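First up is the structure itself, then whatever we jot down about it.
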Amino acid sequence: MAYPIHRSRRLRQTEQLRALVRETRLSADQLVMPLFVCPGTGVRNPISSMPGNFQVSIDQLVVDCKKLVDTGICHVILFGIPESKDPVGSGGYAEDGIIPRAIRALKKDVPSLSVWGDVCMCEYTDHGHCGIIKDGDVANDETLPLLAKAAVAYAEAGADVVAPSDMMDGRVGAIRDALDERGLEHIVIVSYAAKYASSFYGPFREAAESPPQFGDRKGYQMDPANAEEALKEVEQDLEEGADIVMVKPALPYLDVIHRVKEAFGVPVAAYNVSGEFAMIQAAARNGWIDLEKAMMESLISIRRAGADIILTYFAADAAKQLRT
Ligand code: PBG
42 MAYPIHRSRR LRQTEQLRAL VRETRLSADQ LVMPLFVCPG TGVRNPISSM
92 PGNFQVSIDQ LVVDCKKLVD TGICHVILFG IPESKDPVGS GGYAEDGIIP
142 RAIRALKKDV PSLSVWGDVC MCEYTDHGHC GIIKDGDVAN DETLPLLAKA
192 AVAYAEAGAD VVAPSDMMDG RVGAIRDALD ERGLEHIVIV SYAAKYASSF
242 YGPFREAAES PPQFGDRKGY QMDPANAEEA LKEVEQDLEE GADIVMVKPA
292 LPYLDVIHRV KEAFGVPVAA YNVSGEFAMI QAAARNGWID LEKAMMESLI
342 SIRRAGADII LTYFAADAAK QLRT
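Take the sequence shown: its letter number 38 is residue 79 in the numbering used here, and every next letter is one higher.
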């Protein structure tokens with residue numbers, strides 16, 4: 042059907058027509074808000090590279106989550122900043138650690154909120170790596186029981202979802218087994234299946250106080266050049282029992298999101314990471330970009346690529362925008 046019979050512009054004339062033929066939708070119940078929890082009371086430390094985001098103590102977390110629920114946000118993912126760090130990241134799996142305490146408080150005071158616990162060691166180890174160190178390297182198999190312990194601690198505290206972000210091999214299976222052994226077979230696992238060794242995590246590492254103290258994460262996170270490998274990672278995690286698989290970061294990896302969705306047809310999450318958020322914020326602060334439009338365009342692009350679920354620091358602002 043060629044011009045002049047067919048005119049693409051006909052369906053673009055009004056917002057009503059554009060909405061009628063819109064292929065992709067975004068709604069607040071698809072968004073997950075990442076939050077950083079720290080010790081103390083009344084604490085609200087701004088994170089300079091992530092405007093509008095704070096490290097908050099548990100009492101403030103409860104206040105913030107009540108507001109989030111009012112804007113239509115249904116899910117939060119928690120990252121912990123422990124009292125102290127050690128070589129084995131014990132603050133990450135202690136039953137009375139910062140995350141289990143935060144989960145208990147939220148389940149008591151904001152019961153309608155779905156609470157996810159990010160399972161990793163880098164916020165809790167003094168060396169900042171996502172596993173324990175043996176002979177100068179991150180020891181995969183020795184790390185698995187500790188990750189499983191953290192997942193169980195979060196589930197027992199009341200978490201709805203555990204989300205391992207460490208990229209150790211075999212961790213989804215280890216976590217599934219540990220949960221099931223304790224009668225926690227209803228707990229959902231969202232695996233960070235295709236997590237890249239990305240420079241876009243910079244602001245997060247400030248927020249979570251988790252930069253590696255030596256080396257980098259290239260020995261366990263994926264090479265940005267690889268996409269076939271992402272499919273293999275996703276397949277393995279699904280075989281081990283992942284319920285939802287994640288691609289991270291989102292915008293530089295839209296092709297990977299698309300391929301994962303096409304190949305497996307399972308629920309796919311994408312993490313619109315701290316650096317993606319910071320870039321838009323910084324450009325907007327300079328008056329170079331319209332913050333709200335760039336935010337909504339980014340999120341709809343991630344949905345269009347194939348993500349069902351988006352973890353994003355824009356969650357609260359986008360939910361407000363979606364209501365208007
Ligand atoms: C922990 C973890 C990281 C992020 C989420 N979980 C940091 C990292 O791997 O270095 C990054 C999230 C973001 O940048 O928003 N392993």
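Even for Gly, the Cβ is constructed at its ideal location relative to N, Cα and C. Please read all numbers here as calculations on a predicted model, not as lab measurements.
Whether residue i touches residue j by CB criterion (8 Å)
i	j	result
Leu109	Val78	no
Ala346	Leu279	no
Ala310	Val229	no
Tyr237	Gly316	no
Arg113	Tyr165	Inspection of the sequence shows that residue 113 is occupied by Gly rather than by Arg. In this structure, Tyr165 does not lie closer than 8 Å to Gly113 by Cβ.
Gly121	Pro253	no
Val151	Tyr195	no
Ile173	Pro123	no
Ala234	Pro141	no
Gly83	Ser98	yes
Gly214	Glu281	yes
Ala319	Pro244	yes
Ile351	Leu340	yes
Leu185	Arg212	yes
Beta-carbon separation (whole angstroms), residue i vs residue j, contact threshold 8 Å
i	j	result
Tyr312	Met287	6 Å
Arg300	Cys171	25 Å between Cβ atoms; not a contact.
Ala335	Leu72	The Cβ separation is near 16 Å, so there is no contact.
Glu187	Met208	The sequence as given places Leu at residue 187; Glu does not occur at that position. Between Met208 and Leu187 the Cβ distance is about 14 Å, and since that is not below 8 Å, they are no contact.
Val297	Ala325	Not really, about 27 Å apart at Cβ, beyond 8 Å.
Lys190	Glu183	Actually they are not in contact, since the Cβ atoms of Lys190 and Glu183 sit about 12 Å apart, beyond 8 Å.
beta-carbon residue i near ligand 1 non-hydrogen atom, thresh 7 Å
i	result
Ser89	no
Asp221	no
Gly316	yes
Phe255	no
Phe95	no
Arg246	yes
Arg258	yes
Ser339	no
Ser240	no
Glu232	The sequence as given places Ser at residue 232; Glu does not occur at that position. Result no, Cβ not under 7 Å from ligand 1.
Tyr165	no
Tyr312	yes
Asp278	no
Ser153	no
Cys161	yes
Ser251	yes
Phe79	A small fix is needed here, since residue 79 is Cys in this sequence, not Phe. Checking the Cβ of Cys79 against ligand 1 gives no.
Asp264	no
Asp207	yes
Member of the options whose CA lies at the smallest distance from the CA of residue i
i	options	result
Ala192	Trp157, Glu276, Cys163	Trp157
Ile144	Leu119, Thr55, Glu124	Leu119
Lys302	Arg326, Met320, Ala319, Glu276	Glu276
Asp210	Gly199, Lys190, Leu187, Glu274	Glu274
Thr353	Ile99, His116, Ala43	His116
Ala356	Glu64, Gly93, Gly81, Ser49	Gly93
Leu220	Ala248, Val84, Val202, Gln362	Val202
Ala249	Trp329, Lys126, Asp111	Lys126
Val104	Ala319, Leu76, Ser89, Ser90	Leu76
Thr365	Glu333, Ala146, Gly224, Ile343	Glu333
Lys149	Lys107, Asp167, Gly138	Lys107
Ala204	Leu272, Gly177, Lys289	Lys289
Arg344	Pro308, Ala189, Ala135	Pro308
Met91	Asp284, Arg51, Ala323	Ala323
Arg246	Asn327, Asp331, Glu56, Ile88	Ile88
Ser251	Gly130, Pro293, Ala135	Gly130
Phe31	Gly177, Asp111, Ile216	Lying outside 42 to 365, the shown extent of the chain, residue 31 is not represented and no answer is given.
His227	Arg50, Asp284, Ser240	Asp284
Met74	Ile139, Arg66, Val314	Val314
Gly81	Met263, Leu272, Ile139, Trp329	Ile139
Tyr370	Arg63, Gln54, Ile216, Asp70	Since the displayed the chain opens at 42 and closes at 365, residue 370 lies outside it and no answer follows.
Ala146	Asp218, Asp100, Gln57	Asp100
Ser153	Ile46, Asp111, Gly306	Asp111
Output the residue ranges of the alpha helix (DSSP H) runs that lie fully inside the region 201-288 and measure 4 residues or longer, sorted by chain position.
-> Counting only runs of 4 or more, we get 212-222, 243-248, 269-281.
Whole beta strand (DSSP E) runs in the region 135-171 with 3 or more residues, listed along the chain?
-> Here the runs fully enclosed are 155-160.
3-residue-minimum beta strand (DSSP E) runs that sit fully inside the region 98-122, ordered along the chain = Runs found: 116-121.
Where in the region 45-79 do unbroken runs of the beta strand (DSSP E), each at least 3 residues long, occur, reported from the N-terminal end onward?
-> Runs found: 72-78.
In the region 303-362, which residue ranges form an unbroken beta strand (DSSP E) of at least 3 residues, counting only runs that do not cross its ends?
-> Along the region 303-362, the beta strand (DSSP E) occurs as fully enclosed runs of 3 or more residues at 309-313, 350-353, listed in sequence order.
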